[in-house]
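Participant: When the letters of the sequence shown are read in order and numbered with the working numbering, they come out as residues 7 to 196.
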Amino acid sequence: MTFSMVFSLLALITISLPIMHYLLRYNVVLIGLTFLLEIFSTISGFLGCLVFGIKHDVRSWLMNPRFNHLDWSYYIALLSILLNFLAAILFAFECRRARSRRQRFTNLIYNMHPRSPGNGFETVPLKNLPSPGTSSPLSAQHYQQNRFNKQSPRSPDSIHSSPYASISRFSQGQQQGYPIKSSPRHFTAV
Numbered sequence: 007m008t009f010s011m012v013f014s015l016l017a018l019i020t021i022s023l024p025i026m027h028y029l030l031r032y033n034v035v036l037i038g039l040t041f042l043l044e045i046f047s048t049i050s051g052f053l054g055c056l057v058f059g060i061k062h063d064v065r066s067w068l069m070n071p072r073f074n075h076l077d078w079s080y081y082i083a084l085l086s087i088l089l090n091f092l093a094a095i096l097f098a099f100e101c102r103r104a105r106s107r108r109q110r111f112t113n114l115i116y117n118m119h120p121r122s123p124g125n126g127f128e129t130v131p132l133k134n135l136p137s138p139g140t141s142s143p144l145s146a147q148h149y150q151q152n153r154f155n156k157q158s159p160r161s162p163d164s165i166h167s168s169p170y171a172s173i174s175r176f177s178q179g180q181q182q183g184y185p186i187k188s189s190p191r192h193f194t195a196v
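(1) Measuring only the C-alpha atoms, how far is Leu39 from Ala93?
(2) Closest to Arg72 by CA distance: which of His62, Ala98, Gln109 is it?
(3) Taking the alpha helix (DSSP H) that Leu39 belongs to, which residues open and close that run?
(4) Can you tell which of Tyr81, Ile87, His75 has the C-alpha that lies nearest to the C-alpha of Glu44?
(5) Buried or exposed for Phe46, going by 16 or more other Cβ atoms inside 10 Å?
(6) Only counting the same chain, and skipping five residues up and downstream in sequence, which positions put a Cβ closer than 7 Å to that of Ser14?
(7) Please classify Ile60 as buried or exposed, where buried requires at least 16 neighbouring CB atoms within 10 angstroms.
(8) Which same chain residues, not among the five before or five after Asn113, have their C-beta less than 8 Å away from its C-beta?
(9) If you check the beta carbons only, do Leu29 and Leu23 fall under 8 Å apart?
(10) Whole angstroms is fine: what's the gap from Tyr81's alpha carbon to Ser66's?
(11) Can you list, in chain order, the residues of its chain with a C-beta nearer than 6 Å to that of Ala98? Leave out the 5 residues immediately preceding and following it.
(12) What are the boundary residues of the alpha helix (DSSP H) that Ser66 is part of?
(13) Go through its chain and collect everything with a Cβ distance to Leu84's Cβ below 7 Å, but skip five positions before and after it.
(14) Assign Ser106 to one of two classes, buried (16 or more other C-beta atoms within 10 Å of its C-beta) or exposed (fewer than that).
(15) Round the Cβ separation of Ser50 and Ser79 to the nearest angstrom and send it over; I've been treating them as touching at under 8 Å.
(16) Quick one: grab the DSSP three-state call for Leu30.
(17) Roughly how many whole angstroms lie between the Cα atoms of Glu100 and Asn70?
(18) For Ile21, which option in Gln109, Leu96, Arg108 has the closest C-alpha, if you only look at C-alpha atoms?
(19) If you measure between the beta carbons of Leu108 and Val34, is that distance less than 8 Å?
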């Protein structure tokens, strides 16, 4: 039971580090280490309670078995083992969730794409030039050079296409020179 208490205290110290926002970089590692410490605490506590439960009345093991009966403290020790096991399972789930969260955030960072010359929602560039005071000279030069280039239609799978590209008034029909048909069901992207 002493080993169980030591492992439980180490688990509490380990889990307090990410809670107090220390070592956030190693959050997944600390949660995994806490899971292992809780498992060790559960195993050592279970072995201690098992041995005491089997040998509590044997004279050769304890000198005075008259006072070695199973009392409320033994049952509280069993309850603490059960709660340590439950905590270990919850830490395992949290470790898995933290790892998937870290992977998802890493994917978000690596999958960010550069801004398009337009506003990002339409497939054609802006009609009015931005004022020189609000943009850098390099972006204005790039915009003026590419302003009159006819853009090819983009596929819906393109990373720069809008989710509203198929219902936009700037869809592929206008880019290919077809007149826009006005209908009450024609939506525009905002």
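We treat Cβ as the ideally placed atom computed from N, Cα and C, and that holds for glycine.
Facilitator: From the atom records:
(1) One-based indexing of the sequence shown puts residue 39 at position 33. One-based indexing of the sequence shown puts residue 93 at position 87. Cα-Cα distance, rounded: 13 Å.
(2) In the sequence shown, the residue the question calls residue 72 occupies position 66. It is His62.
(3) Residue mapping note: residue 39 aligns to position 33 of the sequence shown, counting from 1. First-last of the alpha helix (DSSP H) with Leu39: 33-61.
(4) Numbered from its first residue, the sequence shown carries residue 44 at position 38. Here the closest residue by C-alpha is Ile87.
(5) As a position in the sequence shown, residue 46 is number 40, starting the count at 1. Phe46 counts as buried, since at least 16 other C-beta atoms from the protein chains shown sit within 10 angstroms of its C-beta.
(6) Position 8 of the sequence shown, counted from the start, is the residue given in the question as residue 14. Only Ser47, Asn90 meet the Cβ criterion.
(7) In the sequence shown, the residue the question calls residue 60 occupies position 54. With fewer than 16 Cβ atoms within 10 Å of its Cβ, Ile60 is classed as exposed.
(8) Mapped onto the sequence shown, residue 113 falls at position 107. There are no such residues.
(9) For the purposes of this step, residue 29 is taken as the residue at position 23 of the sequence shown. For the purposes of this step, residue 23 is taken as the residue at position 17 of the sequence shown. Contact: yes.
(10) Residue 81 sits at position 75 when you count from the first residue of the sequence shown. Residue 66 sits at position 60 when you count from the first residue of the sequence shown. So the alpha carbons of these two residues sit roughly 24 Å apart.
(11) Reading the sequence shown from its first residue, position 92 is the one you call residue 98. Correct list, in chain order: Phe41.
(12) By 1-based counting over the sequence shown, the position of residue 66 is 60. First-last for Ser66: undefined, no H or E at that position.
(13) What you label residue 84 is simply residue 78 of the sequence shown in a count that begins at 1. Excluding residues within five positions, the ones whose Cβ falls inside 7 Å are Cys55.
(14) Start at 1 with the first residue of the sequence shown, and residue 106 comes out as number 100. Exposed is the call here.
(15) For the purposes of this step, residue 50 is taken as residue 44 along the sequence shown, with counting starting at 1. For the purposes of this step, residue 79 is taken as residue 73 along the sequence shown, with counting starting at 1. Between Ser79 and Ser50 the Cβ distance is about 17 Å, and since that is not below 8 Å, they are no contact.
(16) Along the sequence shown, one-based indexing puts residue 30 at 24. It is helical.
(17) The count along the sequence shown starts at 1 and reaches residue 100 at position 94. The count along the sequence shown starts at 1 and reaches residue 70 at position 64. Computed Cα separation, rounded: 46 Å.
(18) Stepping through the sequence shown from its first residue, residue 21 is reached at position 15. The candidate whose alpha carbon is nearest that of Ile21 is Leu96.
(19) Translated into positions along the sequence shown, residue 108 becomes position 102. Translated into positions along the sequence shown, residue 34 becomes position 28. The amino acid at residue 108 is misidentified as Leu; the sequence shows Arg. Yes, the pair counts as a contact, with Cβ atoms nearer than the cut-off.
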